[in-house]
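Each residue of the sequence shown is one higher than the one before, counting from 0 in numbering that gives the first Met the number 0.
Below is one structure, written out as structure tokens, with a few remarks after it.
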Amino acid sequence: MTPVYIKVEKVRQKKSVTKAHIARYCSKSAAWYQDISNGRRTLKVEALQKIAEALDVPVGLFLKMK
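Structure follows, in structure tokens:
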């Protein structure tokens, strides 16, 4: 099973959205998102919802994507 943070990164890269944009959208620091994108920080449901909004995708995409 692919970790959620890897799925998020694949979508982010495909949509050409910067890490800084996601961090700003979530009202967090760039280091916060960097830790998430590297799997060093646990991704909470609330944060995943905000990230999905920033990427303009349904949050369920990260839970069922292969």
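Cβ atoms here follow ideal geometry from the backbone N, Cα and C, with glycine treated the same way.
Bear in mind the structure is a predicted one, so any value in this text is a computation, not a measurement.
Under 8 Å between C-beta atoms of residue i and residue j
{"i": "A22", "j": "W31", "result": "yes"}
{"i": "Y4", "j": "S36", "result": "yes"}
{"i": "Y24", "j": "K49", "result": "yes"}
Pairwise C-alpha distance: residue j and residue i
{"i": "A53", "j": "M0", "result": "24 Å"}
{"i": "V56", "j": "K13", "result": "12 Å"}
{"i": "T41", "j": "T17", "result": "20 Å"}
{"i": "V58", "j": "E8", "result": "13 Å"}
{"i": "S28", "j": "K43", "result": "16 Å"}
8 Å contact criterion, which residue i and residue j should meet: CB distance rounded
{"i": "L60", "j": "V10", "result": "7 Å"}
Limits of the alpha helix (DSSP H) - the one that residue i falls within
{"i": "R23", "result": "K18 to Y24"}
{"i": "L42", "result": "Where L42 is concerned, there is no enclosing alpha helix (DSSP H), given that its DSSP letter is neither H nor E."}
{"i": "V10", "result": "V3 to K13"}
{"i": "G59", "result": "G59 to K63"}
{"i": "D55", "result": "Premise fails: D55 is in no alpha helix (DSSP H) and is neither H nor E."}
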